[in-house]
Each structure stands twice: as C-alpha cells, then as structure tokens.
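**Q**
Protein chains: 2
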Amino acid sequence: MTPVGPEERRARAALTRILEPGDEQGGRWLHTCGAVALLELLAAPADSADEVRGRLAGATERRLDSYRARARRAVPERDLAAITGIGGRFVCPGDAEWPSQLDDLGTARPIGLWVRGGPDLRIWSLRSVAVVGARACTPYGAHMAASLGSGLAERGWVVTSGAAFGVDGAAHRGALAAGGATVAVLACGVDVVYPPGHAELVGRIVEQGLVVGELPPGDHPTRSRFVLRNRVIAALTRGTVVVEAEYRSGSLVTARCARRLGRYTMGVPGPVTSGLSAGVHELLRGEGTLVTDAAEVAELVGDIGELAPARKGPVLPRDLLDPLSARILEALPSRGAADRLDIARDAGAGEDEALGKLYELHSLGYVERRGDRWQLAARTRAETSARRGGARPGAIG
Amino acid sequence: MTPVGPEERRARAALTRILEPGDEQGGRWLHTCGAVALLELLAAPADSADEVRGRLAGATERRLDSYRARARRAVPERDLAAITGIGGRFVCPGDAEWPSQLDDLGTARPIGLWVRGGPDLRIWSLRSVAVVGARACTPYGAHMAASLGSGLAERGWVVTSGAAFGVDGAAHRGALAAGGATVAVLACGVDVVYPPGHAELVGRIVEQGLVVGELPPGDHPTRSRFVLRNRVIAALTRGTVVVEAEYRSGSLVTARCARRLGRYTMGVPGPVTSGLSAGVHELLRGEGTLVTDAAEVAELVGDIGELAPARKGPVLPRDLLDPLSARILEALPSRGAADRLDIARDAGAGEDEALGKLYELHSLGYVERRGDRWQLAARTRAETSARRGGARPGAIG
C-alpha cells in the first residue's frame, strides 16, 4: 500500500464531513474515483451537476445538492488542525496505524478514523474484544460487563465498546480499573463528549486507552450514527460479547454484524424473566456462543491462530520496534514478572504510555500479562537472555 | 413380539427385586438367558454356584451370594398382588403398554415398570418432555419449571419428571394446574411416597396422570437409584429441559443421558452469578439448546417427524381404539372446541379418566388441545363429519 500523501489525507478528512458513516454508495465512488477526485466532484458547482452524475453512478440531484452544501462547509485543514491541537490524529487506509480488519467492511469501510490516545490502534485491535449492551441495564448487567472488562484486561485483551451509559460504560470502567487497555468507538467527533455524563470516563480513556470515531471534530451523534458506529466496533474486534439487550436492540446489530464479518458473537445469559436478557437469549438461540466469564471469552477468541501472534511468538522483528517499545522490553526482567509502574520508571516512560506499549507488545507476542504484572513471553525470554548475555543473538525463530 | 406369559411376568417382577436398576451385567444375562431361566440361576442353591457361574458370564461369587439372598426374599406373587391391590400394574417389554423407546437403553433397559394411574404409558410417552432440575431451586427456578409445565401441558405435551422437591415438583404442579398430563418416575416403589412431603402431589398424579418406577412395591430410594432413575426419564421422553442445576448435578446426568439416546437436551438460562444456573450454562455451552419458554420447547421436540404422529394424522386406525377412547372421540364437537368436563360428561367418563384418554388421543393424532379446551385434529374432522353424516367412511389417509 502506498503511503498516504497530504492531498489524500486532506480529501479523506473532508469526506468524513460530507459522507455519513457507512454510506455504501459513497464508498463505491470512493473506491472508483479515489478520495481527491471524489471530493472535487462532490464540491463541484451546481452547473456541472450533469457531468458529476455521469461520473458518480446512481447519484440523484437531491443527494448531490446535499453533498455540495456539506462540501462547501467542510474545512479539512481546520479539522486536521483541531485534532492535532488536542493531541490526536486522523488515520487513513494506507497508514501504518490503519487496522486492516476494517477492510472487511468493504464499501462500508470508514473513510478514515479520528483518533485520540497514545497506543497504536492497529496493534491494539489485533487482540481486542467488544463488550456491548443495554444503556438501561440492570445491576446484574453492569456487574457482568465490569467483570468481563476487568477479566479480559487481566488476560491482556483490549476491551472495545461504545462509551454509552450502562453496559458500555461498565465494560470500559472494568478494563480501566484492572489497569487495562480499552478503546471507545464514538458516534460523534472524538472531541465531543457524549453522553455528557461520561466526560470523565472518556477523558480517562483518552489518557489510558484510545478514543476513536468516524466523525470529524465537533460533529454530534444521531440515531443512525449510533447504529452505524456498531459496525466499526464489530469489525475492529475479534468477537463481540453482548451483555443484556432487549429484542431489536442496537447491541444485536453489532452482534449480527460481527457474525457477518466472521467474528465470534457471544452473549451472557440472564433470567428469562428479564426483558433485558431477551435479546441476548435470542442471539444465543441462533449462532451466538453462551459465555459466563472472561476466561470463556478469551478461550474462544484466542483460538484464531492467524490473528493470535502471541500464541506463535513475535511477528514483528525486534529491530523494527519503535524506541519506546524497545526500552519497555529492555525494562522487563529476564525472569519473573514486574509491576507496570516499575517498568514505566525503568524505561523512563509515563505510566499510561508504558501501559499502551505493553499491550502493543502483548499483541505482537513479546510480553504477557499475569494478573497485575507483566513478563516476557516464553519465546522472547530466551532471546532476551542471549542478548543480555551477549551470546546467541537472534536465537529465536 | 410375543405376548408376555404369566411365568415371564412373574420372573421379571422377581428380578426387579433382585437386580438393581440399570445393572448392565444383569441386563446382558437377561438378554442371553431370558427372565425365567435367569431367575432360576440367581435363586439356585449355593452348592450349584460353579454351574451358575458357567452360565452367567462374569458373575463373581460375592455377587451371586448377594443375588441369592435377594432371590430368597423375593415373593413376586405378593408384589404383583400388591400393585393390583392399589389399582396399578406391572408392565413388561412385550406388553402393549411397554414404551418401546426404553429399548434404546440396551442392556440398561428396565426389567419392567411398576405403574399406577389410568392412562396408557406407551401412548403418553409418545408426546412427552422431561422437565428436571435442582431440588433446592430458587424462586426463579420454581417459577420457570411451573410455567414450562403449564405451557407444555396446554400444548398437549405430557410433562415427565422425578417428583422431587424444587424444580421437579413445580413442573408436575404446573402441568396439573393447567389440567394437563404428567408422569412421575420414582426411584422407589410406586407405593412408597418419597419425598414424604410430596404425598399429596404424588397422590394427585396417580389420579390425573401416571406414577411409574423400576422398583417393586415397598422398595426405598438410594443415592444410586436416584441417579439411575434419570436414565428412564431421559429415555421415556423426546427431550429433557434442565431448569437450574449446579455443576455435576443429577439433572445433568439426565441431560447427558438424553443426548446419548439421541433426544433433545435443553436448558433454561439464568443469571451467571447464580450457582444454580452454572450447570445449565455448562450444558448450553455444550450441545444443549437454550430455551426460554414452553413454545420454544414444543417447537424443538415437535420436529421429530417419525415420533410426531400428531403432525401427520392418526397412526392407529379408529377401529382399534378402546371403547372409552372411541366414546371420548364421539363426544367431541364436529366444529370448534369443548371443555374436558363437558367431554367427560358426554362420554360418560370420569374427569381424570377423560383427560388421560384425551392426551392419548392427542399422541395418536386424533385431537388437539387449544388452551383449556379440546378439539378434533384437522385431519380427523373431515372423517368424523363424514362418519356422522353417514357418508365417505374412512376418508382420511
């Protein structure tokens, strides 16, 4: 894949303001014309509408009017400056950080993702699981979501959710509480706090994890954006666990999408007498797998050999690691496990920064999490001892 | 199959007092020697032990001593008189009432069944479902068991269980409360009330349904008899639903047995946080099907084409029906449904007697239950109209 040039990035940033998430017709045009040409066509003055319709299969006049109005208001330089201003970035297909599993969405693939937080989205997504469910969950649902969030984090899995009230929030908090990794996928700009009551939670996720979304800075959520956001959660992760959902709920959209994409779909059962478990039971009577704890989730999603580098040893040569990751790796003891605070100190890194890198290194198969501590993976250990002793360099396969 | 002669019946009755339920070695001997010869061998005096061991493969001296002691105490005439005295009967393989699906148990097939209650065990078992679960169930488990019991009964299914406290009792009561059919399979003599607290319930089942067991009158339950009773519940029914069960519980034995026998195994989920649902969830993570109400159970077990005569029309020619069944059938209106009390009155039958026959006729495909009322099955209706009008006799296929 060719690196993304500034023109392409600028055009894609503008397109996230013009096309709604998941617009498959727009996705086809993007595929056919490329981002720069598509932006030109959508922004073209009204008197060239006939020519534009000739180039964009199926475009109606009304649709083009709406795109043109949006294109007029799009100032991608300002959006890109805004995201940089809050320490974020705009990640495009072709970027090293682009999570290639999003390509499974085909023409519904996001145009780009607005990202806040230190870790590498692509690497984190390699070992991530979605935990989603009802906003108006019961105490049982909140308990299960938090316990799955913590349990998955403790097993070195990244917990991805939608930052909503109820199950989503409990899952994020569970992961954070376990000193773990979590990704929030928003249905609005990553600088917009929605729901407002989750300002502190989302702020904490920006510090310790990743907050991502398809919508440009300042954009607000709508009903359809919530629904379409779910496909990103499904595609980014290896599997989706639904904790409490009514019939026809948005969480079931995520689960069905996950299944279509070949991801695992899982559900946490509850009392049959609770309407909030009815959707989950419907899922479990179909192709969903019943799970009762984080160990069962990890066992299931950990089975995909080709996506599970940790099970086969490192996939990225050590020499290609970024300097901070290399320092973190050096800070791990040859034997036994260490606390992440000690690792951060020895590597001269911030606590959250170190945590982000540790999860990246876990995804890459270099390290493992054991409860609250981190250690070198078995296959890394031999190589590290050899390096440190100056002997047998490159002993691992 | 040849009809069961009095010698054979007497020998089998004696053997139920000598061999423990599910004794597979005994089952092999029974298969090889026949009941009469096997009884003679087991009752033979100690000085012919060598000859006996020659005939009974694998018999140890100690085992034979124990059988001989039991054989000395067995008085089958008294047991057969006792069961007749309380209005019951002893049903053997070869009897018209023998439920042939018990043959699936192979060498673990019951030697015979002691039966109390009016209906025909074989015919009732054609459309029966087991509902089993924990004795110390939660109010949730009791509620679900009762609601499955009622719902299945309302759909014309016979509810089979073990008459234990908790889930079993609630399932029986649910069926009875809906004016439905229920079978209790005991781990003791059918004249022994166990648990004592269920005296009234078991008495009611004898009136309105069937109480059956492998053990002769007066015999008491033991731990292993409880476990082995479960295989009879599994084999008698088209499927087993587990409502609340801890890990390693007896209900899971029933479910596993049902699966081995090619029956459906189902489970009602509950909160993951409840230890009483842990066994059910284990089952559902295996090959069990999650069910949330009676409709889902009926949908599943109703699918077995060859066992579901109701779906294909009557399997037994009308002329072979016993006189009371024929009267009940005549008492049903040509159109619409009738209350079972009216049907009983018009047929000149007792209320429970009529109910028993209605469920038999349902199993045979002649009638259907609609809520609390009964009607002719669609395919019977045409024939009945024709008969009553005197035209087109035998119009149904």
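Residue numbers (the numbering used here), protein chains in the order written: chain A, 119 to 515; chain B, 119 to 515.
Don't be surprised by glycine CBs; every beta carbon is placed ideally from N, CA and C.
1. Below 8 Å, can you find three or more Cβ-Cβ pairs linking the stretch 275-289 of chain A to the stretch 340-358 of chain A?
2. Is the CB-CB distance between alanine 131 (chain B) and glycine 230 (chain B) below 8 Å?
3. Any Cβ of chain A within less than 8 Å of the Cβ of glycine 388 (chain B)?
4. Taking 8 Å as the threshold (C-beta atoms), are proline 217 (chain A) and glycine 474 (chain A) in contact?
5. Between tyrosine 258 (chain A) and chain B, is any beta-carbon pair separated by less than 8 Å?
6. Please list, in chain order, the chain B residues whose beta carbon lies closer than 8 Å to that of methionine 262 (chain A).
7. Quick check: alanine 192 (chain A) and isoleucine 136 (chain A), are their CB atoms within less than 8 Å of each other?
8. Pick helix, strand or coil for valine 361 (chain B), following the three-state DSSP scheme.
9. If we cut at 8 Å on Cβ distances, does leucine 408 (chain A) have a partner in chain B?
10. Terminal residues of the continuous alpha helix (DSSP H) containing tryptophan 147 (chain B)?
11. Need the endpoints of the beta strand (DSSP E) that arginine 487 (chain B) sits in, please.
12. Just the C-alpha distance for alanine 426 (chain A) and serine 481 (chain A), rounded to the nearest angstrom, thanks.
13. Terminal residues of the continuous beta strand (DSSP E) containing glutamine 233 (chain B)?
14. From the DSSP output, which residues share a beta bridge with tryptophan 492 (chain A)?
15. Count the other CB atoms, across all protein chains shown, that sit within 10 Å of the CB of glycine 508 (chain B); report buried if there are 16 or more and exposed otherwise.
16. Report yes or no: do three or more beta-carbon pairs, one from the stretch 445-452 of chain B and one from the stretch 199-211 of chain B, lie closer than 8 Å?
17. Where does tyrosine 484 (chain B) land, buried or exposed, given buried means 16+ other C-beta within 10 angstroms?
18. Would you report the Cα separation of glycine 267 (chain A) and cysteine 306 (chain A), rounded to the nearest angstrom?
19. Which class does leucine 328 (chain A) belong to by DSSP, given the choice of helix, strand or coil?
20. Is valine 409 (chain A) near valine 359 (chain A), with beta carbons less than 8 Å apart?
21. Assuming glycine 420 (chain B) and glutamate 272 (chain B) form a contact by the criterion Cβ under 8 Å, report the distance between their Cβ atoms to the nearest whole angstrom.
22. Taking only three categories from DSSP, how would you classify alanine 335 (chain A)?
23. Could you check whether threonine 355 (chain A) and serine 265 (chain A) sit closer than 8 Å to each other, using their CB atoms as the reference points?
24. First and last residue of the beta strand (DSSP E) that includes arginine 135 (chain A)?
25. Which one of B:Leu160, B:Val320 and B:Ser369 has the shortest CA to CA distance from glycine 406 (chain B)?
26. Give the straight-line distance between the Cα atoms of tyrosine 365 (chain A) and valine 285 (chain A), rounded to the nearest whole angstrom.
27. In whole angstroms, what separates the C-alpha of arginine 173 (chain B) from that of leucine 157 (chain B)?
28. Expressed to the nearest angstrom, what Euclidean distance is found between the alpha-carbon atoms of glutamate 424 (chain A) and leucine 319 (chain B)?
29. So, at 6 Å on beta carbons, what are the nonlocal neighbours of leucine 244 (chain A) in its own chain, with the 5 sequence-adjacent residues on each side left out?
30. Compute the distance between the beta-carbons of arginine 234 (chain A) and glycine 203 (chain A), then report whether it is under 8 Å.
31. Using only CA atoms, which one of A:Ala467, A:Gly466, A:Glu469 and A:Gln493 lies nearest to leucine 479 (chain A)?
32. Taking the beta strand (DSSP E) that tyrosine 312 (chain A) falls in, what are its first and last residues?
33. Measure how close the beta-carbons of alanine 129 (chain B) and alanine 153 (chain B) come, nearest whole angstrom, since I'm counting them as under 8 Å.
34. State whether the stretch 322-329 of chain A contacts the stretch 282-301 of chain A, with contact taken as three or more CB pairs (one from each stretch) at a distance under 8 Å.
35. Verify whether the separation of the beta carbon atoms of proline 334 (chain A) and aspartate 197 (chain A) is less than 8 Å.
36. Any idea if serine 452 (chain B) is buried or exposed, counting beta-carbon neighbours within 10 angstroms, 16 or more meaning buried?
**A** In terms of the structure at hand:
1. yes
2. Here the question's residue 131 (chain B) lines up with position 13 in the second sequence. Here the question's residue 230 (chain B) lines up with position 112 in the second sequence. Against a cut-off of 8 Å, the Cβ pair of glycine 230 (chain B) and alanine 131 (chain B) comes out as a contact.
3. Residue 388 (chain B) sits at position 270 when you count from the first residue of the second sequence. Yes, contact with chain A.
4. Working through the first sequence from its first residue, we reach residue 474 (chain A) at position 356. Working through the first sequence from its first residue, we reach residue 217 (chain A) at position 99. No. Outside cutoff.
5. As a position in the first sequence, residue 258 (chain A) is number 140, starting the count at 1. With 8 Å as the cut-off, tyrosine 258 (chain A) counts as an interface residue toward chain B.
6. Numbered from 1 along the first sequence, position 144 holds the residue referred to as residue 262 (chain A). Those within 8 Å of methionine 262 (chain A) in chain B are Val390 and Thr391.
7. Indexing the first sequence from 1 puts residue 192 (chain A) at position 74. Indexing the first sequence from 1 puts residue 136 (chain A) at position 18. A contact, by the Cβ cut-off of 8 Å.
8. Your numbering for residue 361 (chain B) matches position 243 in the second sequence. It is a strand residue.
9. Translated into positions along the first sequence, residue 408 (chain A) becomes position 290. Yes, because at least one Cβ of chain B sits closer than 8 Å to the Cβ of leucine 408 (chain A).
10. Taking the second sequence and counting its residues from 1, one reaches residue 147 (chain B) at position 29. Where tryptophan 147 (chain B) is concerned, the enclosing alpha helix (DSSP H) stretches over 142-151.
11. For the purposes of this step, residue 487 (chain B) is taken as the residue at position 369 of the second sequence. Here the beta strand (DSSP E) through arginine 487 (chain B) covers 485-488.
12. By 1-based counting over the first sequence, the position of residue 426 (chain A) is 308. By 1-based counting over the first sequence, the position of residue 481 (chain A) is 363. Note that alanine 426 (chain A) scores 38 on pLDDT, short of 50, meaning its location in the model is unreliable and no value can be drawn from it.
13. For this step, residue 233 (chain B) is matched to residue 115 along the second sequence. Here residue 233 (chain B) is valine; the residue named in the question, glutamine, does not match the sequence. Unbroken beta strand (DSSP E) run through valine 233 (chain B): 231-234.
14. Within the first sequence, the letter at position 374 stands for residue 492 (chain A). Tryptophan 492 (chain A) pairs with A:Ala456 and A:Arg487.
15. Here residue 508 (chain B) refers to the residue found at position 390 when the second sequence is read from its first residue. Because glycine 508 (chain B) sits at a pLDDT of 49, beneath the cut-off of 50, its placement in the model cannot be relied upon, and the point is left open.
16. no
17. On the second sequence, position 366 is the one that residue 484 (chain B) refers to. So tyrosine 484 (chain B) ends up on the buried side.
18. Numbered from its first residue, the first sequence carries residue 267 (chain A) at position 149. Numbered from its first residue, the first sequence carries residue 306 (chain A) at position 188. Near 23 Å, if we compare the C-alpha coordinates of cysteine 306 (chain A) and glycine 267 (chain A).
19. Taking the first residue of the first sequence as 1, we reach residue 328 (chain A) at position 210. Three-state result, leucine 328 (chain A): strand.
20. In the first sequence, counting from the first residue as 1, residue 409 (chain A) sits at position 291. In the first sequence, counting from the first residue as 1, residue 359 (chain A) sits at position 241. Yes, these two residues count as a Cβ contact at 8 Å.
21. The residue given as residue 420 (chain B) occupies position 302 in the second sequence. The residue given as residue 272 (chain B) occupies position 154 in the second sequence. Not quite, the Cβ-Cβ distance comes to about 14 Å (not below 8 Å), so this is no contact.
22. Mapped onto the first sequence, residue 335 (chain A) falls at position 217. The question names alanine, but residue 335 (chain A) is proline in the sequence shown. Proline 335 (chain A): coil per DSSP, three-state reduction.
23. Counted from its first residue, the first sequence places residue 265 (chain A) at position 147. Counted from its first residue, the first sequence places residue 355 (chain A) at position 237. The answer is no: Cβ separation not under 8 Å.
24. Here residue 135 (chain A) corresponds to residue number 17 of the first sequence, with the count starting at 1. No beta strand (DSSP E) holds arginine 135 (chain A); the alpha helix (DSSP H) holding it covers 124-136.
25. The residue labelled residue 406 (chain B) in the question sits at position 288 within the second sequence. Ranking the options by Cα distance to glycine 406 (chain B), first place goes to B:Ser369.
26. Residue 365 (chain A) sits at position 247 when you count from the first residue of the first sequence. Residue 285 (chain A) sits at position 167 when you count from the first residue of the first sequence. Distance between the alpha carbons of tyrosine 365 (chain A) and valine 285 (chain A): 16 Å.
27. Counting from 1 along the second sequence, the entry for residue 173 (chain B) is found at position 55. Counting from 1 along the second sequence, the entry for residue 157 (chain B) is found at position 39. Those two C-alpha atoms are separated by around 12 Å.
28. Stepping through the first sequence from its first residue, residue 424 (chain A) is reached at position 306. Stepping through the second sequence from its first residue, residue 319 (chain B) is reached at position 201. Since pLDDT at glutamate 424 (chain A) reaches only 33, below the 50 mark, its modelled position is unreliable, and no value is offered.
29. By 1-based counting over the first sequence, the position of residue 244 (chain A) is 126. If we look at leucine 244 (chain A) and ignore the five residues flanking it on each side, its Cβ neighbours are Ser481.
30. The residue you call residue 234 (chain A) lines up with position 116 of the first sequence. The residue you call residue 203 (chain A) lines up with position 85 of the first sequence. Not a contact, by the Cβ cut-off of 8 Å.
31. Numbered from its first residue, the first sequence carries residue 479 (chain A) at position 361. Comparing Cα positions, the closest option is A:Gln493.
32. Position 194 of the first sequence, counted from the first residue, corresponds to residue 312 (chain A). Premise fails: tyrosine 312 (chain A) is in no beta strand (DSSP E) and is neither H nor E.
33. For this step, residue 129 (chain B) is matched to residue 11 along the second sequence. For this step, residue 153 (chain B) is matched to residue 35 along the second sequence. Confirmed, about 4 Å.
34. yes
35. Taking the first sequence and counting its residues from 1, one reaches residue 334 (chain A) at position 216. Taking the first sequence and counting its residues from 1, one reaches residue 197 (chain A) at position 79. Closer than 8 Å, so yes.
36. To locate residue 452 (chain B), count along the second sequence from 1; it is residue 334. Classification for serine 452 (chain B): exposed.
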